[in-house]
Every structure is written in C-alpha cells, then in structure tokens.
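Only one structure is covered here, and it is reproduced in the block below.
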Amino acid sequence: MKALFCPACGTEVHGRFALNEFALLPKEHLDFLRLFVKTRGNLKEVERILGVSYPTVRARLDALLKALGYEEDEGKDRLEVLEALRQGEISVEEAVARLREGKS
C-alpha cells in the first residue's frame, strides 16, 4: 500500500505500508471477531447476543477462519463438540447429533 487516506479530515499520507491480515477483512468479519473476543470465544454467548442458532455462529466462525487463511480441522471439530458438552453448553442429544453429522 502506498497511501493512507482519512475520509473524515481529508488527511493523506504517502509511503510504504504493510497491512496485517485483519485490515483486509470485511466489516462483517471484523464485527464477528470483536464479539468472539469479547465473549472469550464462548460460542453459546455469541449465539445469545446475535440471536442466531449455534450452526449459524459456527458458520460465521468458519467463514472468518477461511478468510484468514486457516484450514478446518475435523478432528478439532469433534473435540469442540465434546468440550461444549463437558461445559454444559449443549445437551448429550445435541452432541451425538453433531458428531453423527460430522459437524460441530
């Protein structure tokens, strides 16, 4: 990047600038990331705040991870289901259903 511009005040700065991976994320991903960090990664709390289903929250997290260039790890997904069960975030029935589907 060679220039930075502030639309609020009209200031423009020229030079060589390197942007980090977060600077390139769309607003929707940044908003989700902020909420995820604020809730300390508690997907159940993110679900409650956004008023959406757990699968929707997971889909948004997966989209964010993909945008950041991280690959999905199915073994990790299974561990996340078991951890959510252990913490009482999901029922046994829901955990079994997610494990059978191969999704968390």
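For the working numbering, count along the sequence shown from 1 and bump the result up by 205.
Here a beta-carbon is modelled for each residue, glycine too, at the ideal position from N, C-alpha and C.
Predicted, not measured: the structure shown is a model, and the values here were computed from it.
By Cβ distance, which residues of its chain are closer than 7 Å to phenylalanine 273, with the 5 residues on each side in sequence left out? At residue 273 the sequence reads leucine, which differs from the phenylalanine that was named. Here the set comprises Glu226.
Could you give the first and the last residue of the continuous beta strand (DSSP E) run that contains phenylalanine 210? Phenylalanine 210 -> beta strand (DSSP E) spans 208-210.
Using a Cβ-Cβ cutoff of less than 6 Å, which residues in the same chain neighbour histidine 219 once the five nearest sequence positions on both sides are dropped? These residues qualify, in order along the chain: Ala208.
Could you give the C-beta distance for histidine 191 and leucine 269, rounded to a whole number, given that I count them as a contact under 8 Å? In the structure displayed, the chain extends from 206 to 309; residue 191 sits before or after that span and is not available.
If you scan the stretch 259-303 from start to end, which runs of the alpha helix (DSSP H) of 4 or more residues do you find wholly inside it? If only complete runs of 4 or more residues are kept, the stretch 259-303 shows the alpha helix (DSSP H) at 259-272, 279-291, in order along the chain.
According to DSSP, simplified to helix, strand and coil, what is glutamate 306? Note: glutamate 306 maps to helix in three-state DSSP.
If you reduce the DSSP assignment to three classes, tell me which class valine 218 lands in. Secondary structure at valine 218: strand, using DSSP grouped into helix, strand and coil.
Exposure of alanine 213, with buried meaning 16 or more beta-carbon neighbours within 10 Å: Answer is exposed; the Cβ neighbour count stays below 16.
Apart from the five residues just before and just after glutamate 250, which ones in its own chain have a Cβ nearer than 8 Å to its Cβ? Counting only Cβ-Cβ distances below 8 Å, and skipping sequence neighbours, we find Thr244.
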